[in-house]
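S.K.: Provided herewith is a single structure, encoded as structure tokens, for subsequent inquiry.
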Amino acid sequence: MLMKVLVTGANGHIGSNVVRALLKAHHDVRGMLRQVADTRGLDGLAFERVYGDIRDMNAVEAAMRGCDVVINLATPYITQPENPADVIDPAMDSVRNVLQAAAKLRIQKVIHASSATAIGTSKNPSGLRSEKDWRNDGEMPYTTAKVDSERIAWTLAEALEVPLVCLNPPIVLGRFDYRITPSTRWVFDMLEGTTILPKGAMCPVHVLDVAAAFVSAIQHGRAGERYIISGPSVSFKDLATLIKTMTGKGPGYSPAPRPVVLGFVGLQYNLLRLLGRPALANVAAAREWVHRYQVLDTTKANTDLGLSSHSAQEIIEEVIEWGMYLKAFTPQTTARLKERFPSRDAWD
């Protein structure tokens, strides 16, 4: 069944891919954008654009009026904010305004973009986590924002009787990331060989798989359910090996004990800040990933949404090609990658 769908945060990395996927599925799309938004990811797409701030309740209600379904993607993705409130407050306001407007306008379904960071990680390499799990050890403001905003979303949805579905993707990578999210920047640094990976594991996911899941959730997502939208888990050691095999160079890998790694991260963070240079990571981020294992159960999404996932190698290949398209690498890295990967002049 075709729907009139509002996409908040339509210009973001996930948002621009969701808009494309909705249009390919022939849905009627309305995208909510800020006036100052970078819209390069939406160039050439024919859909209705409305402008407003997600923190403005009147603007949210006006954008939502006449729609059947809302896909809420409007939240900042900043891992090292100067002020934690710059990440936490907009995430909370986004959820409150969207759910309250949806209740007033009797929207058929709200599909909210949470994150696998709200699911959490394990100290055990085989510690499988599912939608039943919630993180309780986060330290980054971004993590706090994702956990708390999803909890508030569920509370409001129940109180206001709004059909709510939450999708929880992990590290999302792939095309149309023009502003270069922290996730993509991290992989770019790996490709440059400027990063050392610790013991641990993560679940990268292709942005096309995430976009397809949002579209599928319109019809097949069950109200009241969370869905982990993830690719396969890959250890940092295997990821380092994979990138080196694919490109001839890659990140380092250190099995050093967790306290040693955290101490080193803290030292480099303080030193680089003193020198006025951006730090690669801070202790809060390191605590969430060093000797921590992201192993996620996607059974529910596979069954309900028909989730399929690209392999880690396919995801890295796309990040490489996207980085070359943006001319994001140093000349030395660009020359090395050109020997192994084709350049692309257009993306769809």
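Our numbering numbers the first residue of the sequence shown as 569 and each following residue consecutively.
From the three backbone atoms N, C-alpha and C, an ideal C-beta is built for every residue, glycine too.
Would you kindly work out how many angstroms separate the C-alpha atoms of N579 and M625, rounded to a whole number?
M.R.: For the purposes of this step, residue 579 is taken as the residue at position 11 of the sequence shown. For the purposes of this step, residue 625 is taken as the residue at position 57 of the sequence shown. Each residue's alpha carbon lies about 20 Å from the other.
S.K.: Using beta-carbon positions only, say whether I675 and V730 come within less than 8 Å of one another.
M.R.: Residue numbering aside, residue 675 sits at position 107 when the sequence shown is read from its first letter. Residue numbering aside, residue 730 sits at position 162 when the sequence shown is read from its first letter. Going by C-beta atoms, I675 is nearer than 8 Å to V730.
S.K.: To the nearest angstrom, how far is it from the Cα of D913 to the Cα of E886?
M.R.: Your numbering for residue 913 matches position 345 in the sequence shown. Your numbering for residue 886 matches position 318 in the sequence shown. Answer to the nearest angstrom: the Cα atoms are 13 Å apart.
S.K.: Decide if the stretch 651-661 is in contact with the stretch 774-783; the criterion is three or more beta carbon pairs, one per stretch, under 8 Å apart.
M.R.: They do not touch, by the three-pair rule.
S.K.: Between the Cα of H595 and those of Q603, V586, E726 and R602, spot the shortest distance and give me the residue it belongs to.
M.R.: Here residue 595 corresponds to residue number 27 of the sequence shown, with the count starting at 1. Comparing Cα-Cα distances from H595 to each of Q603, V586, E726 and R602, the minimum goes to V586.
S.K.: Grab me the residues of E793's own chain with a C-beta within less than 8 Å of its C-beta, minus the 5 sequence neighbours each way, in chain order.
M.R.: For the purposes of this step, residue 793 is taken as residue 225 along the sequence shown, with counting starting at 1. Within the same chain, E793 has close Cβ partners E699, V733, C734, K868 and D872.
S.K.: Are S822 and V829 closer than 8 Å when you measure CB to CB?
M.R.: Within the sequence shown, residue 822 is the residue found at index 254, counting from 1. Within the sequence shown, residue 829 is the residue found at index 261, counting from 1. Contact flag set, yes.
S.K.: Mapping DSSP to helix, strand and coil, what is S876?
M.R.: The residue you call residue 876 lines up with position 308 of the sequence shown. Coil at S876, not helix or strand.
S.K.: So the alpha helix (DSSP H) I720 belongs to, where does it begin and stop?
M.R.: Locating residue 720 in the sequence shown gives position 152, where the first residue counts as 1. Residues P709 to L728.
S.K.: Roughly how many whole angstroms lie between the Cα atoms of Y861 and L696?
M.R.: Locating residue 861 in the sequence shown gives position 293, where the first residue counts as 1. Locating residue 696 in the sequence shown gives position 128, where the first residue counts as 1. Looking at the two C-alpha atoms, the distance is approximately 9 Å.
S.K.: Only counting the same chain, and skipping five residues up and downstream in sequence, which positions put a Cβ closer than 6 Å to that of T749?
M.R.: For the purposes of this step, residue 749 is taken as residue 181 along the sequence shown, with counting starting at 1. Closer than 6 Å at Cβ, skipping near neighbours: H581 and Y645.
S.K.: Enumerated in chain order, which unbroken segments of the alpha helix (DSSP H) with a length of 4 residues or greater are wholly contained in the stretch 813-881?
M.R.: Fully enclosed alpha helix (DSSP H) runs of 4 or longer: 826-842, 851-857 and 867-873.
S.K.: Using the Cα positions of L570 and E856, report the straight-line distance between them to the nearest angstrom.
M.R.: Here residue 570 is taken as the residue at index 2 of the sequence shown, counted from 1. Here residue 856 is taken as the residue at index 288 of the sequence shown, counted from 1. Near 40 Å, if we compare the C-alpha coordinates of E856 and L570.
S.K.: Quick test of the definition: if touching needs 3 or more C-beta pairs under 8 Å, does the stretch 685-693 touch the stretch 714-726?
M.R.: They touch, by the three-pair rule.
S.K.: So, using beta-carbon positions, are K677 and A791 closer together than 8 Å?
M.R.: Residue numbering aside, residue 677 sits at position 109 when the sequence shown is read from its first letter. Residue numbering aside, residue 791 sits at position 223 when the sequence shown is read from its first letter. Yes, they are a contact pair.
S.K.: Since I believe T901 is in contact with L673 (beta carbons under 8 Å), could you give me their beta-carbon distance rounded to a whole number of angstroms?
M.R.: In the sequence shown, the residue the question calls residue 673 occupies position 105. In the sequence shown, the residue the question calls residue 901 occupies position 333. With a Cβ gap of about 49 Å, L673 and T901 do not count as contacting.
S.K.: In the DSSP assignment, what residue or residues form a beta bridge with V618?
M.R.: Within the sequence shown, numbered from 1, the residue matching residue 618 stands at position 50. V618 is bridged to M600.
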